[in-house]
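A.B. asks: I am attaching a structure below and will ask some questions about it afterwards.
Numbering (this note's numbering), first residue to last: 336 to 577.
Structural data, given as structure tokens:
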């Protein structure tokens, strides 16, 4: 396997981060945690891991906090570290480490961007209420329609990129502060005609800690899809494939 770095944007994931790093390292994957100076000390745990394992890297972020900013900075750093494949996933075990290798295998078979999908045959939400399952499908369909995306699970943040694909996506120029970075990337990928493949995954409830999803954030997410659409209209894609 080519050098692969898993990026983990984190905030208050102290209960999950240690075991998750261990599980990912057992798969032969390097780990890069971009932590927004979590008050629960997530960054301290990562710092301790990095001190004894050169395959663990920490970005302790003090400014421009937010899921989007953390993710974009982690991408830039992973490229600086020389990663050939870059995987991004959540740090709460809703994304299971075992699926990371399946995504990487898809890259080795020719994909530019491999997506862990709940909405293709074999994938799904596990142990979640009917409402959350319905919301998964509806919100993905909504984002797909507004942004004209060629994929089903348009809200998936479990993805793997080749180095070349991520460089073309220009992560240093991503401007979404929050979770809408997911849609911003999918929109750019579509405009660049990247080869995308969806791999079925099981999406679980977080193992420890409290979900950060609220009604306010949910409604804001629907509005942000339209903002991303406007941003994409202004984003140059001069090197797009025919």
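Backbone N, C-alpha and C define an ideal beta-carbon position, used for all residues, glycine too.
All values derive from a computational prediction rather than experimental measurement.
So is residue 367 buried or exposed if we call it buried at 16+ other beta carbons inside 10 Å?
C.D. replies: Looking at its Cβ environment, which holds 16 or more other Cβ atoms inside 10 Å, residue 367 is buried.
A.B. asks: How is the beta strand (DSSP E) around residue 535 delimited, first residue to last?
C.D. replies: Residue 535 -> beta strand (DSSP E) spans 531 to 535.
A.B. asks: Where do the ends of the beta strand (DSSP E) carrying residue 451 lie?
C.D. replies: Unbroken beta strand (DSSP E) run through residue 451: 448 to 452.
A.B. asks: Residue 410 and residue 421: beta carbons closer than 8 Å?
C.D. replies: In contact: residue 410 and residue 421 (Cβ atoms closer than 8 Å).
A.B. asks: Can we say the segment 440 to 451 touches the segment 523 to 534, given the rule of at least three CB pairs closer than 8 Å?
C.D. replies: Contact between the segment 440 to 451 and the segment 523 to 534 is present, because at least three Cβ pairs lie under 8 Å.
A.B. asks: Roughly how many angstroms lie between the CA atoms of residue 477 and residue 388, to the nearest whole one?
C.D. replies: Rounded to the nearest angstrom, the two C-alpha atoms are 42 Å apart.
A.B. asks: For the segment 472 to 487 against the segment 372 to 391, do three or more pairs of beta-carbon atoms, one drawn from each stretch, fall closer than 8 Å, so that the two count as touching?
C.D. replies: With a cut-off of 8 Å, the segment 372 to 391 and the segment 472 to 487 do not count as touching, because too few Cβ pairs lie within range.
A.B. asks: Do residue 375 and residue 394 come within 8 Å of each other at the CB atom, strictly closer than that value?
C.D. replies: The answer is no: Cβ separation not under 8 Å.
A.B. asks: When the Cα atoms are used, what is the spatial distance from residue 485 to residue 569?
C.D. replies: Approximately 20 Å between the Cα atoms of the pair.
A.B. asks: Could you tell me the alpha carbon to alpha carbon distance between residue 574 and residue 525, rounded to whole angstroms?
C.D. replies: Confidence at residue 574 is low in this model, with a pLDDT of 43, below 50, so its placement is unreliable and the value that follows should be read with caution. Spanning the two alpha carbons is a distance of roughly 13 Å.
A.B. asks: Cα separation between residue 536 and residue 457?
C.D. replies: Using only the alpha carbons, I get a separation of about 7 Å.
A.B. asks: Given this structure, state the Cα-to-Cα distance separating residue 516 from residue 353, to the nearest angstrom.
C.D. replies: So the two alpha carbons sit approximately 25 Å from each other.
A.B. asks: Using the beta-carbon count (16 or more within 10 Å), is residue 519 buried or exposed?
C.D. replies: It counts as buried.
A.B. asks: Provide the residue span of the alpha helix (DSSP H) that contains residue 392, from first to last.
C.D. replies: That residue, residue 392, is in no alpha helix (DSSP H); its beta strand (DSSP E) goes 391 to 395.
A.B. asks: Measuring alpha carbon to alpha carbon, tell me which residue in 373, 470, 509 is nearest residue 554.
C.D. replies: Among 373, 470, 509, the Cα nearest to that of residue 554 belongs to 470.
A.B. asks: Using the rule of at least 16 other Cβ atoms within 10 Å of the residue's Cβ for burial, across every protein chain shown, is residue 464 buried or exposed?
C.D. replies: Per the 10 Å Cβ criterion, exposed.
A.B. asks: Using a 10 Å radius around the Cβ and a threshold of 16 neighbouring Cβ atoms, would you call residue 538 buried or exposed?
C.D. replies: So residue 538 counts as buried.
A.B. asks: Using DSSP with H/G/I as helix, E/B as strand and the rest coil, what is residue 505?
C.D. replies: Three-state DSSP puts residue 505 in coil, outside helix and strand.
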